[in-house]
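K.L.:
In our numbering, the protein residues as written are 28 to 274. Sharing a structure with you now.
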């Protein structure tokens, strides 16, 4: 009987050890933590991620979101495709576009998509995002366009009268060529162009001659088919500036 008692006692001890070890392993796994990247502030679709936009938070491994990210350096410069609120986890999903959606889907009849290659230093790019409206100003005088405007309107007195009407924003130095195109002191301004997409291409090769390793931005804008040739002409050699107007 004493032998039987010891046998059951050992079985009870072994059983308790097994249960204890299992509980320890379960709790260790359940309570184990992982550092992941979250939004340090509200982020909108089209925003470029900077170091100040993201931070590290500790999550229980049992509550980790799918496709979570852990390296901040991998995210700097990426474009957010989905809005995120402060403290939301940053996952791979917010950088993925709908594979069935094209940036041309928003075009209306008579509109075209035009890509601006911005390779010159332009600080204002950091403030732009998808849906922003910009204007383009040529930095060179275009007397041919100004002269042709005067020539076309000088055919009749009515044309000159209309060209100098106050509601057309015209005077001796400002010419309203079309709804979006204005010539100011022989410099072309193309206004109210909607940004459809912004892409950033990192230049990893340093230019030995200029000691420059600047990035290139491609800004996709919507415009009419009639405006596209003029926009292409004034933006082909970086002889323009991007401005933002308050509408």
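Quick reminder that beta carbons are idealized off the backbone N, C-alpha and C, glycines included. Every value quoted in this text rests on a predicted model; they were computed, and no experiment measured them.
(1) Using the three-state DSSP reduction, which class does residue 97 fall into: helix, strand or coil?
(2) Counting C-beta neighbours from all protein chains within 10 Å, is the total for residue 165 16 or more, i.e. buried, or is it exposed?
(3) Which residues in the same chain as residue 67 place their Cβ atom closer than 8 Å to its Cβ, once the five residues preceding and following it in sequence are excluded?
(4) Looking only at DSSP bridge pairs, what is residue 251 linked to?
(5) Return the CA-CA distance between residue 157 and residue 45, expressed in angstroms with no decimal places.
(6) Tell me which residues share the same chain as residue 134 and place their Cβ nearer than 6 Å to its Cβ, disregarding the 5 neighbours each side in the sequence.
(7) Does DSSP put residue 116 in a helix, in a strand, or in coil?
(8) Is it buried or exposed, residue 155, if we count other Cβ atoms within 10 angstroms and call 16 or more buried?
(9) For the beta strand (DSSP E) holding residue 162, just list the boundary residues, first then last.
(10) Using 8 Å as the cut-off, classify the Cβ of residue 133 as near or not near the heavy atoms of the ligand GTP, replying yes or no.
(11) Within this structure, are the beta carbons of residue 63 and residue 96 separated by less than 9 Å?
(12) Between the alpha carbons of residue 261 and residue 220, how many angstroms are there, rounded?
(13) Give the single residue among 50, 77, 70 and 85 whose Cα lies nearest to the Cα of residue 61.
(14) Can you tell me whether DSSP reads residue 224 as helix, strand or coil?
(15) Going by C-alpha distance, which of 70, 202, 206 and 263 is nearest residue 218?
(16) Quick one: Cα of residue 235 to Cα of residue 263, how far?
(17) Residues in its own chain within less than 7 Å of residue 224 by CB, not counting five upstream and five downstream?
(18) Check the DSSP bridge columns for residue 268 and list the partner residues they point to.
(19) Going by CA-CA distance only, name the one from 245, 76, 119 and 256 that's closest to residue 138.
(20) With DSSP as the reference, please indicate the residues paired to residue 62 in a beta bridge.
(21) Judging by CA-CA distance, which residue of 43, 266, 50 and 42 is the nearest neighbour of residue 163?
(22) With residue 203 and residue 211 assumed to form a contact (beta carbons below 8 Å), what rounded beta-carbon distance in angstroms separates them?
P.N.:
Concretely, from the data shown:
(1) Position 70 of the chain shown, counting from 1, holds the residue named residue 97. Of the three classes helix, strand and coil, the one that applies to residue 97 here is coil, per DSSP.
(2) For this step, residue 165 is matched to residue 138 along the chain shown. Residue 165 should be labelled buried.
(3) Position 40 of the chain shown holds residue 67. Taken in chain order, the residues that qualify are 79, 80, 81, 82 and 113.
(4) The residue you call residue 251 lines up with position 224 of the chain shown. Answer by DSSP bridge pairing, in chain order: 138.
(5) Position 130 of the chain shown, counted from the start, is the residue given in the question as residue 157. Position 18 of the chain shown, counted from the start, is the residue given in the question as residue 45. Between residue 157 and residue 45, the C-alpha separation is close to 58 Å.
(6) The residue labelled residue 134 in the question sits at position 107 within the chain shown. Nothing listed; no residue qualifies.
(7) Residue 116 sits at position 89 when you count from the first residue of the chain shown. Looking at residue 116 - three-state DSSP - the assignment turns out to be strand.
(8) Locating residue 155 in the chain shown gives position 128, counting from the first residue. So residue 155 ends up on the buried side.
(9) Mapped onto the chain shown, residue 162 falls at position 135. Taken as a continuous stretch (DSSP letters only), the beta strand (DSSP E) holding residue 162 covers 160-165.
(10) The ligand content of the structure shown is nil, which means the ligand GTP is not present either.
(11) The residue you call residue 63 lines up with position 36 of the chain shown. The residue you call residue 96 lines up with position 69 of the chain shown. It is a contact, given that the beta carbons lie within the stated cut-off.
(12) The residue given as residue 261 occupies position 234 in the chain shown. The residue given as residue 220 occupies position 193 in the chain shown. Taking the straight line from one Cα to the other gives about 15 Å.
(13) Translated into the one-based positions of the chain shown, residue 61 becomes position 34. Per the Cα distances, 85.
(14) In the chain shown, counting from the first residue as 1, residue 224 sits at position 197. In this structure, residue 224 counts as strand in the three-state DSSP scheme.
(15) Start at 1 with the first residue of the chain shown, and residue 218 comes out as number 191. Here the closest residue by C-alpha is 206.
(16) Reading the chain shown from its first residue, position 208 is the one you call residue 235. Reading the chain shown from its first residue, position 236 is the one you call residue 263. For residue 235, the predicted structure reports a pLDDT of 42, less than 50, and the residue's modelled location is therefore unreliable. The matter cannot be settled from this model.
(17) If you number the chain shown from 1, residue 224 lands on position 197. Cβ within range, chain order: 130, 157 and 247.
(18) As a first step, residue 268 is located in the chain shown; it is residue number 241 there, counting from the start. In the DSSP output, where bridge partners are listed per residue, residue 268 has 164.
(19) Looking up residue 138 in the chain shown gives position 111. Ranking the options by Cα distance to residue 138, first place goes to 256.
(20) Against the chain shown, residue 62 aligns to sequence position 35. Per DSSP, 85.
(21) Mapped onto the chain shown, residue 163 falls at position 136. Residue 163 has its Cα closest to that of 266, out of 43, 266, 50 and 42.
(22) Residue 203 sits at position 176 when you count from the first residue of the chain shown. Residue 211 sits at position 184 when you count from the first residue of the chain shown. Actually they do not touch by this definition, with Cβ atoms about 10 Å apart.
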